[in-house]
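Residue numbering for the sequence shown follows the working numbering, beginning at 1 and increasing consecutively. We put the beta carbon where it would ideally sit given N, CA and C, even for glycine.
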Amino acid sequence: MQYITPDLCDAYPEVDVVEPMFANFGGRDSFGGEIVTVKCHEDNSVVKAQVAQPGKGKVMVVDGGGSLRRALLGDMLAAKAAECGWEGIIVYGCVRDVDELAQTDLGVQALASHPMKTDKRDIGDLNVPVNFGGVTFRPGEFVYADNNGIIVSKTALSMPE
Numbered sequence: 001m002q003y004i005t006p007d008l009c010d011a012y013p014e015v016d017v018v019e020p021m022f023a024n025f026g027g028r029d030s031f032g033g034e035i036v037t038v039k040c041h042e043d044n045s046v047v048k049a050q051v052a053q054p055g056k057g058k059v060m061v062v063d064g065g066g067s068l069r070r071a072l073l074g075d076m077l078a079a080k081a082a083e084c085g086w087e088g089i090i091v092y093g094c095v096r097d098v099d100e101l102a103q104t105d106l107g108v109q110a111l112a113s114h115p116m117k118t119d120k121r122d123i124g125d126l127n128v129p130v131n132f133g134g135v136t137f138r139p140g141e142f143v144y145a146d147n148n149g150i151i152v153s154k155t156a157l158s159m160p161e
C-alpha cells in the first residue's frame, strides 16, 4: 500500500511526527505497519534474528542509539526481511550496501550509511518501548514512512479518500 504522510497528518492530526533526520534507502519509498522494536548498540544480533520471523504488516524499528560507527542493516538482512514479508525497517543508526538496499522490496529508512558491520555479541532487547526523534515507539502501535517523514499512531490508519 502507498502511504502519503502529509495526507495522513491532515486526516489524523493526533499522530506523532518524528523529527526530520532520516533518509530513504530501501526499494519501497512508502511503507507502514505494526511496530516491532529492537534496542541495540553496534550489535545487530537481535535484528538478524527478527528479520527471519514472519513480518507481514509489520515494521521493525531499530534503536541503535544514533550510532554512526557501525551499520545495523545490510543487503543480506534486508533481503531476508523482504523474503519474510516485512513492510520496512527504520534504523536510528546506519545501514550499508545501499545500492543493493535500493533494489530490495523493503522500506528502509536510516540516519546514514556506513561500510563497517557490527560485532555479534547477542546483546539487545526485543519489543521494549524506544524513544528517538522526539517520539516513543511502542510495540503494537503503528508507524508510517515516506519521503516526507515518519509518523507514529496508537491505532492503524487508512489513507483518506
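Cβ neighbours of GLN2 within its own chain (closer than 7 angstroms, five residues either side excluded): SER30.
In the three-state reduction of the DSSP assignment, VAL46 falls in the helix class. Listed in chain order, the beta strand (DSSP E) runs fully inside the region 77 to 130 are 88 to 95 and 107 to 113, counting runs of at least 3 residues. Selection SER67, VAL51, LEU72 and VAL95 evaluated against GLY85 yields VAL51 as nearest (Cα-Cα).
Listed as beta-bridge partners of LYS154 by DSSP are no residues whatsoever. For LEU73, the enclosing beta strand (DSSP E) stretches over residues 71 to 73. Cβ-Cβ distances below 8 angstroms link PRO160 to ASP7, LEU8, ASP10 and ALA11 in the same chain, with the five nearest sequence neighbours on each side left out; the list follows chain order. When the alpha-carbon of THR136 is set against those of LEU72, VAL38, GLY88 and VAL46, the nearest one is in VAL38. Exposed is the label assigned to ASN147, since fewer than 16 other Cβ atoms lie within 10 Å of its Cβ. Using a Cβ-Cβ distance cut-off of 8 angstroms, the region 11 to 20 and the region 96 to 106 are not in contact, since fewer than three pairs of beta carbons, one from each stretch, lie closer than that value. For GLY57, the closest C-alpha among the options ILE4, VAL36 and VAL91 is that of VAL36. Here ASP29 carries a coil assignment [DSSP, helix/strand/coil].
Just measuring C-alpha positions, the residue of GLY64, VAL95, MET76 and VAL143 sitting nearest ASP125 is GLY64.
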